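A short worksheet on the structure shown next.
Protein chains: 2
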Amino acid sequence: MTTQTLADRAHAAQASAVCHECLVRDTSLCSSLHDHELVALSAIGRRRTVPAGQVITWAGDVVTTFANVVSGALKVTASTPDGREQIVGLLFPGDFVGQMFTDEASLTVTALTETKMCSFPRAAFERELGSHARMERMLLERTMASLDEARERMLSLGRRNAQERVAGFIGQLAERAGLPRDDGGIHVSIPMSRGEMADLLGLTIETVSRQLTGLKAAGLITFAKGERDCLVLDSRGLDLVANPA
Amino acid sequence: MTTQTLADRAHAAQASAVCHECLVRDTSLCSSLHDHELVALSAIGRRRTVPAGQVITWAGDVVTTFANVVSGALKVTASTPDGREQIVGLLFPGDFVGQMFTDEASLTVTALTETKMCSFPRAAFERELGSHARMERMLLERTMASLDEARERMLSLGRRNAQERVAGFIGQLAERAGLPRDDGGIHVSIPMSRGEMADLLGLTIETVSRQLTGLKAAGLITFAKGERDCLVLDSRGLDLVANPA
DNA sequence: CGGAATTTTGACGATGCTCAACAACGGTGG
DNA sequence: CCACCGTTGTTGAGCATCGTCAAAATTCCG
Numbered sequence: 000m001t002t003q004t005l006a007d008r009a010h011a012a013q014a015s016a017v018c019h020e021c022l023v024r025d026t027s028l029c030s031s032l033h034d035h036e037l038v039a040l041s042a043i044g045r046r047r048t049v050p051a052g053q054v055i056t057w058a059g060d061v062v063t064t065f066a067n068v069v070s071g072a073l074k075v076t077a078s079t080p081d082g083r084e085q086i087v088g089l090l091f092p093g094d095f096v097g098q099m100f101t102d103e104a105s106l107t108v109t110a111l112t113e114t115k116m117c118s119f120p121r122a123a124f125e126r127e128l129g130s131h132a133r134m135e136r137m138l139l140e141r142t143m144a145s146l147d148e149a150r151e152r153m154l155s156l157g158r159r160n161a162q163e164r165v166a167g168f169i170g171q172l173a174e175r176a177g178l179p180r181d182d183g184g185i186h187v188s189i190p191m192s193r194g195e196m197a198d199l200l201g202l203t204i205e206t207v208s209r210q211l212t213g214l215k216a217a218g219l220i221t222f223a224k225g226e227r228d229c230l231v232l233d234s235r236g237l238d239l240v241a242n243p244a
Numbered sequence: 000m001t002t003q004t005l006a007d008r009a010h011a012a013q014a015s016a017v018c019h020e021c022l023v024r025d026t027s028l029c030s031s032l033h034d035h036e037l038v039a040l041s042a043i044g045r046r047r048t049v050p051a052g053q054v055i056t057w058a059g060d061v062v063t064t065f066a067n068v069v070s071g072a073l074k075v076t077a078s079t080p081d082g083r084e085q086i087v088g089l090l091f092p093g094d095f096v097g098q099m100f101t102d103e104a105s106l107t108v109t110a111l112t113e114t115k116m117c118s119f120p121r122a123a124f125e126r127e128l129g130s131h132a133r134m135e136r137m138l139l140e141r142t143m144a145s146l147d148e149a150r151e152r153m154l155s156l157g158r159r160n161a162q163e164r165v166a167g168f169i170g171q172l173a174e175r176a177g178l179p180r181d182d183g184g185i186h187v188s189i190p191m192s193r194g195e196m197a198d199l200l201g202l203t204i205e206t207v208s209r210q211l212t213g214l215k216a217a218g219l220i221t222f223a224k225g226e227r228d229c230l231v232l233d234s235r236g237l238d239l240v241a242n243p244a
């Protein structure tokens, strides 16, 4: 044991106070730890706020940190040598950020909206993970969930047409958004541009736009004008478009 | 400790003997265990041989077992409600089979070739995993590798054309196959039908066939006639087709 | 209000899918 | 050993979907 300076103690106390009121205390990897275990982890974690559009990690960078998303949303993108881009994952509050067993990142991570995250130096995090089996188990669980999600998306990219992809995407956002409003509509906030939707769905901006107006013409959705958000009028109908029997 | 019957002891001895000469003793999850730790795992594992084409697990089944691939190859497929199919993963010797934190499987696993595997009852395997941190760490590593692989494939499905997908696939197989032969060609065995290649690449049988004959016409590959295998003549050129600058 | 950025809409064309015929292969049985 | 037949793979013609290019419309933001 090394001696702990007053500054260290103060830092730890402050950090664990931050953790205690953290928005993702019960959903991130941290939820696998008891309050008293959290002290060590919080001592190595540092809160960061990143503005929309900013890159967190570039493909090709040496992996030096991992993180948990606290609020906001990130995109994970892969690209071809000649610059075509595909979004291969979205990260929301509670999700883990980083390629753990890779020295050089193969993916780029970018903030879609302003995002708060809790980031950890690589070596220190790996040490903590090694000494908290429940946390490691939870990371395994989350990684397998990401894998299932990636596979579901591979099915869409390989076998669904533009209409099904767009309808399915809006439908997923609607599920995440929760319960219907008074008038039966579900208000869905779309945390990305048309270009990013296109990169996610493996389409072009124009095709996404056309499909959205198609869904609107079919009476399944509308747009709160002047905003990026949309209102799902008929979520059952939307699901039928996304998943034809 | 419960008393161990003679039969139990005999089984364990036999099983660990099987493990000792196992083809994937040094590449599967088992490689994280010392010989003496392997006894408990081998006691719950059972060798199975599955003929080509046979389904291991159906989507919708309750998950009751996991497994390691010992030899052969498996495909993992997802499908739409109306029956379109996409291969979302391939499993080779040493790979782990199963959706660990899911009660009901969302994916179907099928043998591409005759396949030997070592399968474990769910509960028993989870118990063993929990008591061997190195094995759990290794499973995490493999799962993250699968995730990276899935993401690479999402890039192809979303953003690469038919020619690039087929050339890339043959190129990958060639890498896996190893070093060039005397005449400079690399003999590549393709462990699947055209239909399965199509399901993997998100194309149709006809498009795959056309692209292959295109690569042959370009002098990049040839076919040992009467066989499914192919000979890569110009792996550099193949890579150039798959990854245009 | 004005200019840049984003989104929508339109016209056109290319890529890859559908449908169909044909060829090659493999196993079976005479 | 070869004829037969089912399966798998190849090739061709036509077409639908989605991408490309271009312009108009809308939104954003100073």
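For the protein sequence lines, the chains are Y and W, in the order given. Just so we're aligned: 207 in numbering that gives the first Met the number 0 is position 208 of the first sequence, and the numbers increase by one with no gaps anywhere. Just so we're aligned: 184 in numbering that gives the first Met the number 0 is position 185 of the second sequence, and the numbers increase by one with no gaps anywhere. Glycine residues also receive a C-beta, built at the ideal position from the N, C-alpha and C atoms. Note that this is a predicted model, so its numbers are computed, not measured.
Buried or exposed for residue i, please, with buried defined as at least 16 other CB atoms from any protein chain shown within 10 angstroms of its CB.
i, result
"L138 (chain W)", "buried"
"S234 (chain Y)", "buried"
"L219 (chain Y)", "buried"
"T107 (chain Y)", "buried"
"N160 (chain Y)", "exposed"
"T63 (chain Y)", "exposed"
"H19 (chain Y)", "exposed"
"V207 (chain W)", "buried"
"A149 (chain Y)", "buried"
"G82 (chain W)", "exposed"
"V96 (chain Y)", "buried"
"V68 (chain Y)", "buried"
"R126 (chain Y)", "exposed"
"R227 (chain Y)", "exposed"
"G52 (chain Y)", "exposed"
"V61 (chain Y)", "exposed"
"T142 (chain Y)", "buried"
Since residue i sits in a beta bridge, which residues does DSSP pair it with?
i, result
"V187 (chain W)", "W:C229"
"A110 (chain Y)", "Y:L73"
"F95 (chain Y)", "Y:N67"
"F119 (chain Y)", "Y:F65"
"E84 (chain W)", "W:S78"
"R159 (chain Y)", "Bridge partners of R159 (chain Y): none, in fact."
"V49 (chain W)", "W:T114"
"T101 (chain Y)", "Beta-bridge pairing links T101 (chain Y) to no other residue."
"L89 (chain W)", "W:K74"
"T56 (chain Y)", "Y:V108"
Quick one: which chain Y residues come within Cβ less than 7 angstroms of residue i?
i, result
"D81 (chain W)", "P243, A244"
"L156 (chain W)", "M153, L156, G157, G201"
"A132 (chain W)", "A132"
Under 6 angstroms Cβ to Cβ from residue i, same chain only, skipping five residues before and after it: list those, please.
i, result
"D34 (chain W)", "none"
"L199 (chain W)", "I86"
"E174 (chain W)", "none"
"A111 (chain Y)", "As written in the sequence, residue 111 (chain Y) is Leu, which differs from the Ala given in the question. So the list reads A72, K74, P190, M191, once near-sequence residues are dropped."
"R45 (chain W)", "S118"
"L202 (chain Y)", "A161"
"V240 (chain Y)", "A166"
"E258 (chain Y)", "Since the first and last residues shown for chain Y are 0 and 244, residue 258 (chain Y) lies out of range."
"A197 (chain W)", "T203, I204, V207"
So which residues on chain Y does residue i lean against when the C-beta distance must stay under 8 angstroms?
i, result
"F168 (chain W)", "What F168 (chain W) touches in chain Y: nothing, since even the nearest Cβ is about 13 angstroms away."
"V165 (chain W)", "Simply none; closest approach about 14 angstroms."
"A77 (chain W)", "R150, E151, M153, L154"
Since residue i meets chain W, which of its residues come closer than 9 angstroms, beta carbon to beta carbon?
i, result
"Q98 (chain Y)", "M143, L146, D147"
"E140 (chain Y)", "M99, F100"
"G88 (chain Y)", "L146, R150, M153"
"E36 (chain Y)", "What E36 (chain Y) touches in chain W: nothing, since even the nearest Cβ is about 17 angstroms away."
Report all residues from its chain with a CB closer than 8 angstroms to the CB of residue i; omit the five preceding and five following residues, and keep chain order.
i, result
"A176 (chain W)", "I185, H186, V187, S188"
"L32 (chain Y)", "L40, H131, R133, M134"
"P50 (chain Y)", "A110, E113"
Strictly below 7 angstroms CB to CB, what residues from chain W border residue i?
i, result
"Q85 (chain Y)", "M153, L154, G157, R158"
Determine the chain Y residues that contact residue i at a beta-carbon separation under 9 angstroms, and present them in chain order.
i, result
"S105 (chain W)", "D147, R150, E151"
"E135 (chain W)", "A132, E135, R136, L139"
Cutting at 7 angstroms between CB atoms, please list the residues of its own chain near residue i, excluding the five before and the five after it.
i, result
"S70 (chain Y)", "L22, P92, T114, K115"
"L28 (chain Y)", "N67, F95, M134, M137, L138"
"R193 (chain W)", "I204, V207, S208"
"G59 (chain W)", "E103, A104"
Inside the stretch 196-231 of chain Y only - beta strand (DSSP E) runs reaching at least 3 residues
220-222, 229-231
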